[in-house]
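In what follows, a structure is listed as structure tokens, so that the remarks can point back to it.
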Amino acid sequence: MTVAVLTLRLRAPWVHSLKEKRMELRSLLAKLRNKFNVSVAETDEQDTHQLLVISAAAVATDSAQADSILDHVLAFVEANTEAEVVAVERELL
1 MTVAVLTLRL RAPWVHSLKE KRMELRSLLA KLRNKFNVSV AETDEQDTHQ LLVISAAAVA
61 TDSAQADSIL DHVLAFVEAN TEAEVVAVER ELL
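Going by the UniProt record's numbering, the first residue of the sequence shown is number 1, and it counts up by one from there.
So, in structure tokens, the structure goes:
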């Protein structure tokens, strides 16, 4: 068993309030949960308007499957939000 963790730091320059940020995050996190069956949450920068830090975790049978899941999650985030991905951190446990 392999646990895969993906942490994404996104920049959303059009967001001017925490309410706007929460709306964007809520939508993205729900889509990720439904499509990939991963655990996702906002993990940092909760009080910063234009920075979004989300982490996704999944359990896989081996590291190849774990990498594949993380690749698909990253591609989905890039395709389904206008926010710019500024940093990506992967970890396999």
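Glycine included, every Cβ here is placed at the ideal spot set by N, Cα and C. A quick note: this is a predicted structure, and the numbers were derived from the prediction, not measured.
| query | result |
| --- | --- |
| I'd like the list of long-range same chain contacts for H49, defined as Cβ closer than 7 angstroms, with 5 residues on each side in sequence excluded. | V15, H16, S17, L18, K21 |
| Answer yes if the region 54-64 comes into contact with the region 28-39, meaning at least three C-beta pairs across the two stretches below 8 angstroms, and no otherwise. | yes |
| Can you tell me where the alpha helix (DSSP H) holding V73 begins and where it ends? | 63-80 |
| Is it right to say A66 is buried, meaning 16 or more other beta carbons lie within 10 angstroms of its own, or is it exposed? | buried |
| At 3 residues or longer, what runs of the beta strand (DSSP E) sit wholly inside the region 2-43? | 2-11 |
| For residue 94, which residues in the same chain have their Cβ closer than 6 angstroms to its Cβ, ignoring the five residues on either side in sequence? | This structure leaves residue 94 out entirely; the chain is present only between 1 and 93. |
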